[in-house]
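> Top line first, the protein sequences correspond to chains B, L, Y and H. UniProt numbering numbers the first residue of the first sequence as 1 and each following residue consecutively. UniProt numbering numbers the first residue of the second sequence as 1 and each following residue consecutively. UniProt numbering numbers the first residue of the third sequence as 1 and each following residue consecutively. UniProt numbering numbers the first residue of the fourth sequence as 1 and each following residue consecutively. Here a beta-carbon is modelled for each residue, glycine too, at the ideal position from N, C-alpha and C. Have a look at this one.
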Amino acid sequence: MIPEGAVLLIGGFMGVGSPHRLIDAIVARGVGGLTLVNNDTCRPGEGVGKLIDAGLVARAIVSHIGLNPVAQKKMLAGEMQVELVPQGTLVERIRAGGVGLGGVLTPTGIGTLVEEGKQVLEIDGRRFLLEKPIRGDFALLDARQSDYVGNLEYSLTAHNFNPVMALAADTVIAEPHHIMPVGVIPPDAVKTPGVLVDYILERAR
Amino acid sequence: MIPEGAVLLIGGFMGVGSPHRLIDAIVARGVGGLTLVNNDTCRPGEGVGKLIDAGLVARAIVSHIGLNPVAQKKMLAGEMQVELVPQGTLVERIRAGGVGLGGVLTPTGIGTLVEEGKQVLEIDGRRFLLEKPIRGDFALLDARQSDYVGNLEYSLTAHNFNPVMALAADTVIAEPHHIMPVGVIPPDAVKTPGVLVDYILERAR
Amino acid sequence: MDAKEIIARRVAQEVRPGMLVNLGIGLPSMVANFVPSDRHVFFQAENGVIGLGARPPEGMEERDLTDAGGGFVSAVPGAASIDSAMSFGLIRGGHLDMTVLGGLQVDERGYLANWMVPGQMVPGMGGAMDLVAGARRVIVAMLHSARGASKIVPECTLPLTAARRVSLIVTEMAVIEPTVRGLVLRECGPGVSVEDISAATEAALIVPEDVPQMNLG
Amino acid sequence: MDAKEIIARRVAQEVRPGMLVNLGIGLPSMVANFVPSDRHVFFQAENGVIGLGARPPEGMEERDLTDAGGGFVSAVPGAASIDSAMSFGLIRGGHLDMTVLGGLQVDERGYLANWMVPGQMVPGMGGAMDLVAGARRVIVAMLHSARGASKIVPECTLPLTAARRVSLIVTEMAVIEPTVRGLVLRECGPGVSVEDISAATEAALIVPEDVPQMNLG
Chain B
1 MIPEGAVLLI GGFMGVGSPH RLIDAIVARG VGGLTLVNND TCRPGEGVGK
51 LIDAGLVARA IVSHIGLNPV AQKKMLAGEM QVELVPQGTL VERIRAGGVG
101 LGGVLTPTGI GTLVEEGKQV LEIDGRRFLL EKPIRGDFAL LDARQSDYVG
151 NLEYSLTAHN FNPVMALAAD TVIAEPHHIM PVGVIPPDAV KTPGVLVDYI
201 LERAR
Chain L
1 MIPEGAVLLI GGFMGVGSPH RLIDAIVARG VGGLTLVNND TCRPGEGVGK
51 LIDAGLVARA IVSHIGLNPV AQKKMLAGEM QVELVPQGTL VERIRAGGVG
101 LGGVLTPTGI GTLVEEGKQV LEIDGRRFLL EKPIRGDFAL LDARQSDYVG
151 NLEYSLTAHN FNPVMALAAD TVIAEPHHIM PVGVIPPDAV KTPGVLVDYI
201 LERAR
Chain Y
1 MDAKEIIARR VAQEVRPGML VNLGIGLPSM VANFVPSDRH VFFQAENGVI
51 GLGARPPEGM EERDLTDAGG GFVSAVPGAA SIDSAMSFGL IRGGHLDMTV
101 LGGLQVDERG YLANWMVPGQ MVPGMGGAMD LVAGARRVIV AMLHSARGAS
151 KIVPECTLPL TAARRVSLIV TEMAVIEPTV RGLVLRECGP GVSVEDISAA
201 TEAALIVPED VPQMNLG
Chain H
1 MDAKEIIARR VAQEVRPGML VNLGIGLPSM VANFVPSDRH VFFQAENGVI
51 GLGARPPEGM EERDLTDAGG GFVSAVPGAA SIDSAMSFGL IRGGHLDMTV
101 LGGLQVDERG YLANWMVPGQ MVPGMGGAMD LVAGARRVIV AMLHSARGAS
151 KIVPECTLPL TAARRVSLIV TEMAVIEPTV RGLVLRECGP GVSVEDISAA
201 TEAALIVPED VPQMNLG
């Protein structure tokens, strides 16, 4: 389903809250030229790090690559483009893409390298960077459980980018650990409404 | 605690999800000159409508006043200033105030009266209105239940503006229907972390 | 069948399986009555629920489960509570497949005015501006005329809700599609002729050779 | 007591009751060990939990409960899970009372550089830029020197983390407060004289008449 060159928003923070079954499937199929949007590049052999090991990622938009020497090497060798984005800016850019806002006005990065090439707005005497929205062709999400309508619940620190990425891709695929009958998840427990989710694939036990 | 002229963010949508005990207390004390930020002006004698009946509101920032003839009359008579804001813009302006963003870039209102006097930015060929953040001196919230740390859960359509307003005021006062011992609300059920909440006052039965 | 039922029945035909749909208060909310339940449609109420159900039996109302008009509703299995930021995130972000709203005026550009009459009535836009700016399809469901005056006009004289061409106008007399070229008459209401519609419409209409009758389901 | 413990103990004195505190990975995370539990402090891990607790006993780790360094943690009673939007909303929005981070350089303006060494090491800023821009108090906890070179310099030569004056610098040798006038020496480390500090510091220091010893709790 995922073509060469697709932009993938993949949930997870150092692999916690990443859809490992979906990642393995992409590695198995060997779809390349991907743009990866994730908090980080994880570690070699783990989480989204597997996509980088396999040379499938042409461009990574992440906040951190420090714990992945393979990613460091590929970046320095010019084999993978890396756009480093402050974590809070990254999540707001994805949210802006998901909720139809034209950009993010953030104080983060003002006076640093992050400011380069970007528009700065002065609003009521304070300066803010204008950061552009990010959207994906696909969002690949980890979830604690779902129902068959696609309503999602997340677990502890496995929330991270997942609920926001669910808003910001043309096709949303969730990998819940369990799928429950419709009506079992109470409305107040739903963190991502099923109308946002196109496909669900249960995590293999 | 609330002084004359304070800016109050009050949760609720036509009175559903409003902190009724706190509203009654303000009416009883007769604190005036208030700025009211709410989805609407409710109905006379109900919810935030009571504050308007009592003549305590000098300025209302709301999306709708159509179901409150008292509010309509006071506005036309010049006794109460009304700033009408599209509902989605209103909630994002409060969120921006709460999460430290410089403003909201929204397509809503472009080409309408709402655009008047505001900056319009063209970003990648599309036009967006720059809408300013809103913050309050106090946020007064309704919640289904809390623990003694102030962690909040909300109920069904009583969520509305409450979770966002919890971020955007100097002092946050929540009115849960029940207060539970610490540890009873699981971390994944918390919608507003207790660190945001300064005071909790149980709804009288 | 009265005018409002004609409109509601016809709008219901626009609802496709699996859609997320927002119905405005008043006439638009009647549309739900004519959407078969096997279409697995989710209705959103912008005050905070996806999966809006019918009004519950008397005595079984829940104070914290209402629609955007403040009326008591129920929730279908698979419903989700959402806060206002998520609700309008869905609307503005293009996740809402269809919105049905009432109108005061629609003009030849397809622009809608429905939130105020200067000097007379200033209810406020509520969620209407976001809905019209953000929904994938915007359907205006309204009576063809008000107090003898056509509500379909060359150019809106009332303040606009959005500078966006709506997808479809459904009245008891006609189904009209705003296009780049102007307003195209697509269907005639029951017992109504093209001539009747032209006479009752202040705006110019593009009339194709064949204009069928409305399908009311 | 080794240098890192001195720093962690001294930083712990800055933590006031009821604060929300974010501790960076590495040295800063040691601070938690020296904050008495009766201070009712909540620790935030920016990957998504408020109310971080100690590492659980072996065999009781939960895969989905980690800190920002990816290490297993526990949650205290009253903890809350948060997603990244809420986590950084708290940080950027001024709801975080204190952040403790490591540093590569701090300069006379009080500006911090801690996220890259051009041409050598480009780990990325992670959450550091948001933390330094948004937290109410920013405390830099670092060794006074690296490879014989002072990390407290006249002007940062490494890329800045934020153009914001940090609140306090704590090293094993000194507590230094950046002010509008420059860097003020507030305390000396155990067994360290003002002269030792001046000699080990490349930046100019403002030295008050009385510079007490660090209180290590």
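1. Just mark residue 191/B as buried or exposed, buried being the case when its beta carbon has 16 or more other beta carbons within 10 Å.
2. Using DSSP with H/G/I as helix, E/B as strand and the rest coil, what is residue 77/Y?
3. Counting only C-beta atoms, is residue 17/H closer than 8 Å to chain L at any point?
4. Report the three-state DSSP secondary structure of residue 182/H (helix, strand or coil).
5. Residue 96/H and residue 33/H look like a contact to me (Cβ under 8 Å); what is the Cβ gap, rounded to whole Å?
6. Considering only DSSP beta bridges, list what residue 145/L is partnered with.
7. At 7 Å on the CB atoms, spell out the chain B contacts of residue 43/Y, in chain order.
8. Output the residue ranges of the alpha helix (DSSP H) runs that lie fully inside the segment 36-103 of chain B and measure 4 residues or longer, sorted by chain position.
9. Check for me: the beta strand (DSSP E) holding residue 161/B runs from which residue to which?
10. Going by the beta-carbon positions, is the gap between residue 12/Y and residue 217/Y smaller than 8 Å?
11. Distance check for residue 84/B and residue 118/B, CA to CA, integer angstroms please.
12. Under DSSP, the beta strand (DSSP E) around residue 107/Y begins and ends at which residues?
13. Closer than 8 Å is the cut-off here; do at least three beta carbon pairs connect the segment 132-142 of chain B with the segment 168-183 of chain B?
14. Following the continuous alpha helix (DSSP H) through residue 86/Y, name the residue where it begins and the one where it ends.
15. For residue 72/L, count neighbouring C-beta atoms within 10 Å of its own C-beta (all shown protein chains included) and say buried if the count is 16 or more, exposed if not.
16. Determine the direct distance from the alpha carbon of residue 9/H to that of residue 88/B, and round the result to whole angstroms.
17. Between residue 90/H and residue 117/H, is the Cβ-Cβ spacing less than 8 Å?
18. Using the C-alpha atoms, what's the distance from residue 189/H back to residue 81/L?
19. Could you check which residue in 167/H, 155/H, 213/H and 181/H has the C-alpha nearest to that of residue 202/H?
20. If we define contact as Cβ-Cβ less than 8 Å, is residue 73/Y a contact residue for chain B?
21. Flag this pair as yes or no: are the beta carbons of residue 170/H and residue 206/H separated by less than 8 Å?
22. Could you list which residues in chain C have their beta carbon closer than 7 Å to that of residue 113/B, in chain order?
23. Let me make sure I understand the geometry here. Which of 164/Y, 163/Y and 198/Y has the alpha-carbon closest to that of residue 234/Y?
24. Find the residues of chain L that neighbour residue 81/Y, judging by a C-beta separation of less than 9 Å, and give them in chain order.
25. Alpha helix (DSSP H) containing residue 27/B: first to last residue?
26. Would you tell me roughly how many angstroms separate the C-alpha atoms of residue 30/B and residue 21/B, rounded to the nearest one?
27. Over what stretch of residues does the beta strand (DSSP E) that includes residue 120/L continue unbroken?
28. Could you tell me whether the Cβ atoms of residue 84/Y and residue 187/B are closer together than 8 Å?
29. Could you check how far apart the C-beta atoms of residue 17/B and residue 130/H are, in whole angstroms? I think they sit under 8 Å.
30. Kindly list, in the order they appear in chain L, the residues whose Cβ is closer than 8 Å to that of residue 62/Y.
31. Name the chain Y residues that come within less than 8 Å of residue 116/L, Cβ to Cβ?
32. Considering only the beta carbon of each residue, do residue 44/L and residue 63/L sit closer than 8 Å?
33. Could you pull out every residue in the same chain whose Cβ sits closer than 8 Å to the Cβ of residue 181/B, ignoring the five residues on either side in sequence?
34. Might you give, ordered along the chain, the residues of its own chain that have their beta carbon closer than 6 Å to the beta carbon of residue 134/H, omitting 5 neighbours on each side?
35. Kindly say whether residue 49/Y, judged by its beta-carbon, lies nearer than 8 Å to any beta-carbon of chain L.
36. Let me know the alpha helix (DSSP H) ranges lying completely inside the segment 89-176 of chain Y, each 4 residues or longer, listed in chain order.
On the basis of the coordinates in this document:
1. As a working note, residue 191/B is residue 191 in the first sequence. Per the 10 Å Cβ criterion, buried.
2. In the third sequence, counting from the first residue as 1, residue 77/Y sits at position 77. Three-state result, residue 77/Y: strand.
3. Working through the fourth sequence from its first residue, we reach residue 17/H at position 17. So no, residue 17/H is outside the interface.
4. Position 182 of the fourth sequence, counted from the first residue, corresponds to residue 182/H. It is a strand residue.
5. If you number the fourth sequence from 1, residue 96/H lands on position 96. If you number the fourth sequence from 1, residue 33/H lands on position 33. About 20 Å separates the two Cβ atoms, so there is no contact after all.
6. As a working mapping, residue 145/L is identified with position 145 in the second sequence. Beta-bridge pairing by DSSP links residue 145/L to 153/L and 178/L.
7. Position 43 of the third sequence holds residue 43/Y. The premise fails here: residue 43/Y is roughly 11 Å from chain B at the closest Cβ pair, so nothing lies under 7 Å.
8. 49-53, 69-76 and 87-99
9. Your numbering for residue 161/B matches position 161 in the first sequence. No beta strand (DSSP E) holds residue 161/B; DSSP gives it neither H nor E.
10. What you label residue 12/Y is simply residue 12 of the third sequence in a count that begins at 1. What you label residue 217/Y is simply residue 217 of the third sequence in a count that begins at 1. Result yes, Cβ atoms of residue 12/Y and residue 217/Y sit closer than 8 Å.
11. The residue you call residue 118/B lines up with position 118 of the first sequence. The residue you call residue 84/B lines up with position 84 of the first sequence. Distance between the alpha carbons of residue 118/B and residue 84/B is about 14 Å.
12. Here residue 107/Y is taken as the residue at index 107 of the third sequence, counted from 1. Residues 105-107.
13. yes
14. Sequence index remark: in the third sequence, residue 86/Y carries index 86 (1-based). Note, residue 86/Y: alpha helix (DSSP H), 84-92.
15. What you label residue 72/L is simply residue 72 of the second sequence in a count that begins at 1. The residue in question, residue 72/L, is buried, as its Cβ has 16 or more Cβ neighbours within 10 Å.
16. Here residue 88/B refers to the residue found at position 88 when the first sequence is read from its first residue. Here residue 9/H refers to the residue found at position 9 when the fourth sequence is read from its first residue. Distance between the alpha carbons of residue 88/B and residue 9/H: 29 Å.
17. Counting from one through the fourth sequence, the residue named residue 90/H turns up at place 90. Counting from one through the fourth sequence, the residue named residue 117/H turns up at place 117. Their beta carbons are not under 8 Å apart, which means residue 90/H does not touch residue 117/H by this criterion.
18. As a position in the second sequence, residue 81/L is number 81, starting the count at 1. As a position in the fourth sequence, residue 189/H is number 189, starting the count at 1. Roughly 59 Å separates the two Cα atoms.
19. Here residue 202/H refers to the residue found at position 202 when the fourth sequence is read from its first residue. It is 155/H whose Cα lies nearest to the Cα of residue 202/H.
20. Locating residue 73/Y in the third sequence gives position 73, where the first residue counts as 1. Closer than 8 Å: no.
21. Within the fourth sequence, the letter at position 170 stands for residue 170/H. Within the fourth sequence, the letter at position 206 stands for residue 206/H. No, the pair does not count as a contact, with Cβ atoms beyond the cut-off.
22. In the displayed structure, chain C is absent; the protein chains listed are B, L, Y and H.
23. In the structure as shown, chain Y starts at 1 and stops at 217, and residue 234/Y therefore has no counterpart that could be examined.
24. By one-based count along the third sequence, residue 81/Y stands at place 81. Those within 9 Å of residue 81/Y in chain L are 154, 155, 156, 157, 158 and 159.
25. Counting from one through the first sequence, the residue named residue 27/B turns up at place 27. 20-29 is the extent of the alpha helix (DSSP H) around residue 27/B.
26. Reading the first sequence from its first residue, position 30 is the one you call residue 30/B. Reading the first sequence from its first residue, position 21 is the one you call residue 21/B. If you take the alpha carbons of residue 30/B and residue 21/B, they lie about 14 Å apart.
27. Here the question's residue 120/L lines up with position 120 in the second sequence. Per DSSP, residue 120/L belongs to the beta strand (DSSP E) from 120-123.
28. For this step, residue 84/Y is matched to residue 84 along the third sequence. For this step, residue 187/B is matched to residue 187 along the first sequence. No. Outside cutoff.
29. For the purposes of this step, residue 17/B is identified with residue 17 of the first sequence, where counting begins at 1. For the purposes of this step, residue 130/H is identified with residue 130 of the fourth sequence, where counting begins at 1. Rounded, the Cβ-Cβ distance is 19 Å, inconsistent with contact.
30. For the purposes of this step, residue 62/Y is taken as the residue at position 62 of the third sequence. Ordered by position in chain L, the residues that pass the 8 Å Cβ test against residue 62/Y are 156.
31. Residue numbering aside, residue 116/L sits at position 116 when the second sequence is read from its first letter. For the C-beta of residue 116/L, not a single chain Y residue is nearer than 8 Å; the gap to the nearest is close to 10 Å.
32. For the purposes of this step, residue 44/L is identified with residue 44 of the second sequence, where counting begins at 1. For the purposes of this step, residue 63/L is identified with residue 63 of the second sequence, where counting begins at 1. No, the pair does not count as a contact, with Cβ atoms beyond the cut-off.
33. As a first step, residue 181/B is located in the first sequence; it is residue number 181 there, counting from the start. 147 and 148.
34. Against the fourth sequence, residue 134/H aligns to sequence position 134. Within the same chain, residue 134/H has close Cβ partners 91 and 92.
35. What you label residue 49/Y is simply residue 49 of the third sequence in a count that begins at 1. It does: the Cβ of residue 49/Y has a partner Cβ on chain L nearer than 8 Å.
36. 128-134
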